[in-house]
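Okay, so the sequence shown: first residue is 57 according to this note's numbering, each after it adds one. Don't be surprised by glycine CBs; every beta carbon is placed ideally from N, CA and C. Predicted, not measured: the structure shown is a model, and the values here were computed from it. Working notes, structure below.
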Amino acid sequence: MGGTLWGDGVRRREFIATGVAAGAFALAPGFLRDALAAPAAAGPSPYGPLLPPNGVGLMLPEGFSGRQIARGGKLVEGTAYPWHFASDGQATYRTGDGGFVLVSNSESPVVTGGGSSAIRFTPDGQIEGAYRILLGTNINCAGGPTPWGTWLSGEEHPLGMIWEADPAGVLPALPRPALGNFAHEAAAVDPAGEQVYLTEDEGDGGLYRFTPDAYPSLAGGLLEVAVVARDGSVSWREVPDPNVVTQLKLTRQQVPEMTKFDSGEGIWHDGGVIYFTTKGDRRVWAYDIAGSTVEVIYDHAVTPDAALNAVDNITVSAFGDIYVCEDGGNMEICLITPDRLVSPFCRLVGSEHDASEMCGAIFDPSGTRMYFSSQRAYPYVPGTPLADGAVYEVTGPFRLPDGGMPESHVFGPPAGESKALGDFLAEDVLGDAVPGLLTEVGEKLGLPALLAGGLPAALRLDEPATVDMVLRTPDLETVARYDGTHDRPVPVTLARATHELGRGAHELVLRLSPAAAARLAGRDGVDAVLTTVARTAGGRRSVSARRLRLGQSNTK
C-alpha cells in the first residue's frame with residue numbers, strides 16, 4: 057500500500073503531479089489524464105508469450121512455474137485440514153519467523169462452510185499448516201487486508217456484512233456492521249486518509265467510503281456513497297441507514313443522486329489511488345484520493361482486441377503493474393503495465409474450469425510468488441455439495457522496483473503473531489464493545505424457548521436513545537438448494553422492534569412474528585444475526601451485530 061515505486065524509480069504520487077494538463081481534464085491526475093489520451097490497449101507482455109500448459113493446466117511465460125496448493129473438500133497437502141469450497145478473495149501476511157500466511161474466502165453458504173481459511177508457509181514457501189479464521193458466515197466473496205494486519209471479509213448477499221478476522225486464527229472474528237449491510241465485494245484501506253473503500257456487486261451498486269470514528273477501530277464511523285459529476289469529480293453523501301433497519305431501503309436506494317456502478321468487483325489501494333473494477337461493463341477505474349477524481353483506465357468496449365475481456369479481483373504489484381482477474385472470459389489473469397499496455401500473464405485450461413472464474417490474485421511478502429483461485433474449479437455435480445474450487449501458486453521473476461519489495465506492500469505480522477499487536481487488536485480493533493452501546497444475549501436458549509417466549513437481550517446505553525433491533529437469518533430454502541451458482545440467500549427478518557430507552561441498563565425481549573415462528577418450527581440449528589442500532593437526539597449513532605447459532609440447547 058502507498059508509496060509504491062514505479063520501474064523508473066518515480067513514486068506514483070510524483071508521477072501524477074508531473075503530467076501536463078490538457079483541455080477539460082486539466083485537474084485530472086497524470087496517470088489518469090494520460091489514460092484518456094492513450095487508453096490502455098493491447099500490447100506485448102513484459103514477460104513474453106504464454107507457453108503450453110503445465111501438468112496442472114497453467115499456461116505461464118518462460119521462467120515461471122505453477123502448482124495447485126489447495127482444492128475444496130480435500131486435505132491441504134501435509135495437513136489434516138480440509139480446504140473450503142469456492143475459494144475467492146485472498147491476501148497474504150508475513151509471520152514473525154520470516155514465513156507468511158495466505159488467507160482465502162469461501163464464496164459458499166454457511167451450510168457448506170462459508171467464512172475464511174488460511175494456509176501458513178515456511179520462509180522457503182513450503183506449506184506447514186492450514187486452519188479456519190472465520191466460520192458461520194455466508195457467501196464470503198472478497199475483502200481486503202488492513203495495514204494493522206487483519207483480514208476484512210465481505211459477505212456478498214443483499215444484507216451482507218464485513219467481518220474482521222485474525223489471519224493467525226487466534227483472536228475472534230467479529231462483524232463490522234458500521235461498514236454497512238449490502239452485497240459486499242471487496243475492501244481497500246487508505247492508511248494516509250484513514251478510510252476504507254468498498255465495492256458492491258450489484259448492477260446498480262455504489263462505491264462506498266467508510267471513515268472510522270477512531271481509526272483503526274472499525275466499530276463505528278460514517279458510511280458514504282460516491283456521486284460522480286460529468287467532469288469526473290467525486291463528492292460523497294452520507295448513507296442514512298447503513299444497516300437497513302430504519303428506512304428499510306437497501307443502501308444503494310437511499311441516496312437518489314448516487315452514481316451507479318455496474319457490478320463492482322475488486323478494489324486495491326496503491327500510492328494514493330484506489331483502483332477498482334466493474335464486471336458488468338468490463339472496466340477498470342482509478343480514483344485519485346487527493347484530487348477526488350475518478351477515471352476509466354481500461355474499457356473493453358474501447359479496446360475489444362485486448363486480452364482482458366472480463367474483470368474481477370485486482371491487485372497492484374510493487375513495480376506498479378496492475379493485475380486483473382477475469383470473471384469468465386478465457387480464465388486469464390491479465391496485467392496493465394504503467395505505460396498502459398494490456399497483456400495476459402497466465403491462463404488456466406481444462407474442463408475442470410468450465411464456467412469458473414479467476415479471483416483472489418495476490419503477491420506474497422517477497423513479491424516473487426502470486427496466489428490466485430479458480431472459484432468453481434471441478435464443477436458442481438448433482439449429489440455433491442457444490443463446485444470444489446482450487447487455489448494456485450505461481451513462482452518466478454516478477455518485476456520489482458530497485459531495492460526489492462517495499463515495506464508499504466507487506467502486511468503483518470498477523471494479529472496472533474505478536475503479543476503487543478495482539479493485545480492492541482483485541483482491545484482496540486477486534487474488541488467487542490461498541491461506543492455507547494452494549495448488547496448481550498442469553499447463552500442458553502434453544503429454538504423451542506425462542507419460539508415460545510422470544511429472544512431475551514440486555515442493553516446498556518450511555519445516553520438516551522431510540523433503539524432498533526432486528527433478528528435476521530438467511531432464507532433457508534435458498535441455502536438448502538445452493539449449487540455453486542451465484543444465487544444468494546436472501547435474508548429473512550425473524551423479529552423487529554423499536555424502543556425509546558433512557559441511559560443505563562435495560563432488559564428486553566425480541567418476539568418472533570407468527571410467520572417467522574412458522575418458518576422455524578421443527579428446525580434444528582439456525583444461523584442468525586441480531587443487529588442493534590442506537591440513535592441519540594444529538595445525532596450520535598452506534599451499531600452492534602451479534603451472530604447467533606439458534607439450536608436446541610443454546611444461541612452460540
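{"query": "Proximity test, Cβ basis, 8 Å: Y187 and chain D", "result": "Reference to chain D is not applicable here, since this structure consists of a single protein chain."}
{"query": "Endpoints, alpha helix (DSSP H) assigned at P570", "result": "P570 to L576"}
{"query": "Sequence-distant residues of the same chain with beta carbon closer than 6 Å to S600, five excluded per side", "result": "V490, L493, T495 and T588"}
{"query": "Cβ separation of A357 and E351, assumed to be a contact under 8 Å, to the nearest whole Å", "result": "Going by Cβ atoms, the distance from A357 to E351 rounds to 15 Å, so no, they are not a contact pair."}
{"query": "Neighbourhood of L606 by C-beta, 7 Å cutoff - its chain only, sequence neighbours within 5 removed", "result": "L503, L506, V582 and A584"}
{"query": "Candidates A514, F467 and V548: closest to A244 by CA position", "result": "F467"}
{"query": "Nearest-angstrom Cα separation, counted from D458 out to N194", "result": "42 Å"}
{"query": "Three-state secondary structure assigned by DSSP to R579", "result": "coil"}
{"query": "Q251 classed as buried or exposed, judged by whether at least 16 other C-beta atoms fall within 10 angstroms", "result": "buried"}
{"query": "For T587, the residue or residues it bridges with in DSSP", "result": "V526 and A601"}
{"query": "In DSSP terms, what N196 is bridged to", "result": "E211"}
{"query": "Local conformation of V167 per DSSP, three classes", "result": "helix"}
{"query": "Residue environment, L277, which counts as buried when at least 16 other CB atoms sit within 10 Å", "result": "In the sequence on display, residue 277 carries Gly and not Leu. Its Cβ being crowded by 16 or more others within 10 Å, G277 is buried."}
{"query": "Short Cβ contact (8 Å threshold) for F332 with G261", "result": "no"}
{"query": "Cutoff 7 Å; reference A366; Cβ partners in own chain excluding five residues on either side", "result": "K335, R338, E382, D383, G384 and G385"}
{"query": "Simplified DSSP assignment, three categories, for R293", "result": "strand"}
{"query": "T592 - DSSP class collapsed to helix/strand/coil", "result": "coil"}
{"query": "Simplified DSSP assignment, three categories, for T307", "result": "helix"}
{"query": "V300 versus R455: straight-line alpha-carbon distance, rounded", "result": "45 Å"}
{"query": "Proximity of L631 and F177 at Cβ, strictly below 8 Å", "result": "Residue 631 is absent from the structure shown; the chain starts at 57 and stops at 612."}
{"query": "N-terminal and C-terminal residue of the alpha helix (DSSP H) that L456 is part of", "result": "Premise fails: L456 is in no alpha helix (DSSP H) and is neither H nor E."}
{"query": "Contacts around D64, its chain only, beta-carbon distance under 7 Å, and the 5 residues preceding and following it disregarded", "result": "Unreliable placement is indicated for D64, whose pLDDT of 31 sits below 50; no coordinate value is reported for it."}
{"query": "P504: first and last residue of the uninterrupted alpha helix (DSSP H) it sits in", "result": "L503 to G509"}
{"query": "Which of helix, strand or coil DSSP assigns to E351", "result": "strand"}
{"query": "Which of helix, strand or coil DSSP assigns to S464", "result": "helix"}
{"query": "Beta-ladder partner(s) of Y187, from DSSP", "result": "A174"}
{"query": "R559 classed as buried or exposed, judged by whether at least 16 other C-beta atoms fall within 10 angstroms", "result": "exposed"}
{"query": "Same chain, Cβ closer than 8 Å to T359, neighbours up to 5 away in sequence not counted", "result": "P95, A96, A97, A98 and V398"}
{"query": "Minimum C-alpha distance to M426 - residue among F266, L442 and D377", "result": "D377"}
{"query": "Close-in-space but distant-in-sequence residues of the same chain around L83 (CB under 6 Å, 5 per side omitted)", "result": "Legend: pLDDT at L83 = 32, less than 50; position of this residue unreliable, value from coordinates given subsequently. Hits under 6 Å: none found."}
{"query": "Under 8 Å between C-beta atoms of E408 and Y448", "result": "no"}
{"query": "Residue range of the beta strand (DSSP E) that includes W341", "result": "R339 to D344"}
{"query": "Residue from V526, P545, R596 and A574 with nearest C-alpha to L564", "result": "V526"}
{"query": "Q303 classed as buried or exposed, judged by whether at least 16 other C-beta atoms fall within 10 angstroms", "result": "exposed"}
{"query": "First through last residue of the beta strand (DSSP E) which encompasses P547", "result": "P547 to L557"}
{"query": "Proximity to P223 [Cα-Cα], best of E241, W204, H213 and G236", "result": "W204"}
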